[in-house]
Structure formats: structure tokens, C-alpha cells
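Using this note's numbering, the first residue of the sequence shown is number 227, and each one after it goes up by one. Okay, so here's the structure we're looking at.
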Amino acid sequence: MDQSAHILIVDDTQNFPQHIAGLLELKGYRTTVVPTGEEALKVLRSTEVNLIITEVLLPAMSGLNLLKLVKESHPEIDVIIVTGMSSDFTSIKALRLGAYDYIVKPLDDEVLLYKVVEQSLDRQALARENRRLLNDLAEKNQALQEALTMMKTMNMSCALIASSLEIGEILRMLVESAVEQVKAQKGYLLLLERNGNAFHMKVCVGIDREFAKTFTLPHDQGISGLVATSNRPLRLENDIPITLTQRVIEEDPAGDLFSSPGMLSVPLRIKERVVGVLNVSGRTTGKTFTDADVEFLTTLANHAAIALDHAGEFYRLKTRKS
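Given below as C-alpha cells:
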């Protein structure tokens with residue numbers, strides 16, 4: 227039972243609505259009393275209401291018409307009809323229109339009022355909890371389906387990368403697969419020079435290629451420098467931490483590389499040595515990247531590293547034979 231519930235009482239008689247409101251307030255409920263159905267609808271448009279108690283006989287709009295309108299616009303709100311002892315037909319009609327229950331004037335026993343109100347609020351609370359559980363289940367099922375889809379995609383992408391012995395092709399497939407599968411707007415791969423002093427851009431998606439050809443970044447600067455040094459992935463949401471703002475400016479001073487929302491960077495390691503950093507940003511779904519996306523890109527980068535190592539060995543063997 228929610229004793230903070232707001233109960234709207236609709237009745238134009240002189241004493242009854244105030245009496246009902248007083249009884250309910252003694253139990254801790256919040257109440258609002260209005261004399262007409264029209265005013266009740268105004269309250270509904272501006273205030274959250276959990277329960278309505280309405281007299282059938284109201285000026286202009288009847289209580290039954292109010293019940294019908296409430297059930298059309300706010301089906302989750304229970305309506306309790308107040309009727310006279312001889313109004314059996316009215317009570318039956320009200321129940322058929324969706325009334326939760328009815329009480330009879332005069333109210334001789336407040337226990338009956340409390341019981342009907344408590345049962346209604348308990349039913350609504352149970353319905354809300356059921357909806358929450360169903361929504362949670364739907365979200366978990368959706369997440370599971372997305373995880374299964376991502377696993378299938380990962381297997382296909384990794385198999386495709388492993389099938390190549392061309393270093394350039396492996397790098398291209400790594401970036402293109404990463405951008406496509408995590409639904410990013412932009413992606414690029416930075417590789418360290420042999421001396422380890424600077425990064426150069428080798429492959430990009432969604433970035434001007436002429437800009438990419440001339441791009442260079444000191445090994446200890448930018449987001450990529452941080453990821454390479456820490457040897458750990460980095461996932462950023464829309465609000466970049468103050469501690470990383472300078473890093474973003476160092477790597478992307480003109481805003482050519484990173485898009486919103488979200489940014490994700492993972493190291494590319496060959497035989498435990500970081501040789502580059504894969505970056506994606508600007509998820510097209512409007513949502514930021516998830517832990518599952520981090521795992522996907524990390525696994526993809528690891529398989530690409532193995533393929534690169536094999537391609538390097540193949541190239542060295544080929545060179546020796548020639």
C-alpha cells in the first residue's frame with residue numbers, strides 16, 4: 227500500500243467529499259477535492275493522480291462519463307464510483323465501463339473505504355512491478371540477442387582477417403570491421419614508427435584521406451598515447467573528464483578525428499608489444515559504447531595482431547627465398 231498516493235475526489239455535495247478526504251488524510255494519503263468532472267480532467271492534465279473517487283451524479287459531465295474518459299486517457303488509474311443504495315443498475319454499468327469498485331452513500335463504515343482504497347493501490351503497485359519485471363526481461367533478452375549477434379559477427383570478422391597474408395589488407399579490414407560492427411561514424415588506426423617516437427595514421431574511415439596522410443602524433447601525447455602507454459582500452463562517454471581534455475586536444479585540435487557520442491580506443495599488440503592504437507567514435511545509434519563493444523574491439527585487435535604476425539613471418543620467408 228502506497229500511503230503517499232494522491233487521491234482525487236470528485237463530488238459537488240456539501241459534506242461528503244470533505245468527509246472522505248478527511249478519512250483518507252488520516253491514513254496519510256494526499257487528497258484533492260473538485261466538484262465537477264471537467265475540473266477533475268484539468269487536475270489529471272497537470273498532476274499525477276493514483277486513484278479517483280467520483281460521485282455518479284455530477285453537474286454537466288456525469289461520473290460515468292468521467293470514468294469513460296479517464297479509462298481512455300489514463301487506463302492505469304483506478305476509478306471508484308460513489309452511488310446510492312438503490313443504484314444497482316448504475317453500479318453494474320460502472321463496473322462494465324471499467325470502474326475498480328463502488329461505495330454506497332451514506333458511508334457508515336470507514337473500514338470499507340480503507341479496504342477498497344488499499345486493494346486498489348496494492349493492485350496498481352503489483353501491476354507496476356509486473357511491468358518493470360517484464361521490461362527488465364525484455365531488455366535482458368535484447369542484450370542477450372545483441373551479444374549472440376556480436377559473437378557471430380566477431381567470428382566472421384576474425385576469420386576474414388585471419389585469411390589474409392597482406393598487411394595492408396589486414397589493417398584495412400580491422401578498421402572497417404570495427405567501425406561497421408560497433409556502428410561508429412569514424413575510425414582510424416595509428417601505428418608507431420619503428421623507433422617508437424611518433425604515431426602515423428595507416429587506415430581511416432569517415433576521415434579525410436589527405437588529412438590522414440599527413441597526420442602525426444608524438445608517442446606520449448593524445449588519447450592514443452595514453453592507451454599505448456597504459457596498454458589498456460579506454461572508453462569515453464559524451465562528457466570527457468577534465469583530466470583527459472588536454473589529451474583530446476593534443477590528438478584532435480580541429481575536431482577532425484573524434485565525433486559524438488562516445489569514443490573507444492584499444493591498443494594493438496603484437497607479441498605483447500604495443501604497435502598501435504585503434505580508435506572509433508560517434509556511435510550512429512545515438513548511444514555511447516558499451517563494455518561489450520570494448521570486448522569486441524579488443525578481441526578483433528588481438529586476432530588482427532596474430533594475422534599481422536603471420537603475415538610478417540610469411541613476408542620474411544618469402545624475402546629469404548627470393
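Beta carbons are placed, not taken as given, at the ideal position from N, Cα and C, and that holds for glycine.
List the endpoints of the continuous beta strand (DSSP E) containing H232.
232-236
Go through its chain and collect everything with a Cβ distance to L339's Cβ below 8 angstroms, but skip five positions before and after it.
I246, L249, L250, I329, L333
Starting from F425, trace the beta strand (DSSP E) both ways and give me its first and last residue.
424-431
Quick check on DSSP: helix, strand or coil for L363?
Judged by DSSP in its simplified three-state form, L363 adopts helix.
Since S507 is in the beta strand (DSSP E), which residue starts that stretch and which ends it?
499-509
For a quick check, are the C-beta atoms of V308 and E344 less than 8 angstroms apart?
The answer is no: Cβ separation not under 8 angstroms.
According to DSSP, simplified to helix, strand and coil, what is E420?
Strictly speaking, residue 420 in this sequence is Arg, with Glu absent from that position. Coil.
Assumed close pair V501, A527 - CB separation to whole angstroms, cut-off 8 angstroms:
Distance from V501 to A527 at the Cβ level is roughly 10 angstroms; contact not present, criterion being Cβ atoms closer than 8 angstroms.
Since A533 contacts S390 with CB under 8 angstroms, what's their CB separation in whole angstroms?
Yes, A533 and S390 are in contact; Cβ-Cβ is about 7 angstroms, under 8 angstroms.
For V503, the nearest candidate out of E477, L323, Q371, G263 (CA to CA)
E477
Indicate the three-state DSSP secondary structure (helix, strand or coil) for E302 in the structure shown.
coil
Three-state secondary structure (DSSP) at G263?
Correct three-state label for G263: helix.
Quick check on the burial criterion: 16 or more other C-beta atoms within 10 angstroms. Buried or exposed for F315?
exposed
Between the beta-carbon of G432 and the beta-carbon of G448, is there less than 8 angstroms?
no
Under a three-way DSSP split, which group does S491 fall into?
strand
Own chain partners of N464 with C-beta closer than 8 angstroms, once the 5 adjacent residues on each side are dropped
S486, P487, G488, T514
Could you name the residues of the same chain whose beta carbon sits closer than 8 angstroms to that of T262, not counting the 5 residues immediately before and after it, in chain order?
Only residues of its own chain outside the window of five on either side were considered, and among them V236, D238, L284, P285, A286, M287 have a CB closer than 8 angstroms to the CB of T262, listed in chain order.
Is K439 helix, strand or coil by DSSP?
helix
Extent of the continuous alpha helix (DSSP H) run through D251:
Correcting the residue type first, residue 251 is Glu in the shown sequence and not Asp. That run of the alpha helix (DSSP H) goes 242-252.
Counted within 10 angstroms of its Cβ, other Cβ atoms place P479 as buried (16 or more) or exposed
Exposed is the call here.
Got a sec? Which residues, its chain only, sit under 8 angstroms from N423 by beta carbon, not counting five neighbours each side?
P444, H445.
Should L370 be labelled buried (16 or more other beta-carbon atoms within 10 Å of its own) or exposed?
exposed
Please confirm whether L293 and V305 have their CB atoms less than 8 angstroms apart.
Their beta carbons are under 8 angstroms apart, which means L293 touches V305 by this criterion.
How many Å lie between Y326 and R358 at the Cα?
22 angstroms
How big is the Cα-Cα spacing for D519 and R461?
9 angstroms
L386 to R349 span [Cα, whole Å]
55 angstroms
By how many angstroms is the C-alpha of K428 removed from the C-alpha of K378?
27 angstroms
Is Y414 helix, strand or coil when you go by DSSP?
strand
Could you check whether R509 and V408 sit closer than 8 angstroms to each other, using their CB atoms as the reference points?
yes
Inspect the beta-carbon positions of Q411 and S346 and report whether they are closer than 8 angstroms.
no
Please name the residue, chosen from A320, I303, P301, that lies closest to G310 on a Cα-to-Cα basis.
A320
When G254, F242, L252, K253 are compared against V260, the one with the closest alpha-carbon
F242
Give the range of the alpha helix (DSSP H) segment to which R473 is assigned.
Start and end: 468-477.
Please report the straight-line C-alpha distance between H536 and N421, rounded to a whole angstrom.
22 angstroms
For I279 and K233, believed in contact at Cβ under 8 angstroms, the rounded distance:
The amino acid occupying residue 233 in the given sequence is Ile; Lys does not appear at that position. Indeed, because the Cβ distance is near 6 angstroms, the residues count as touching under 8 angstroms.
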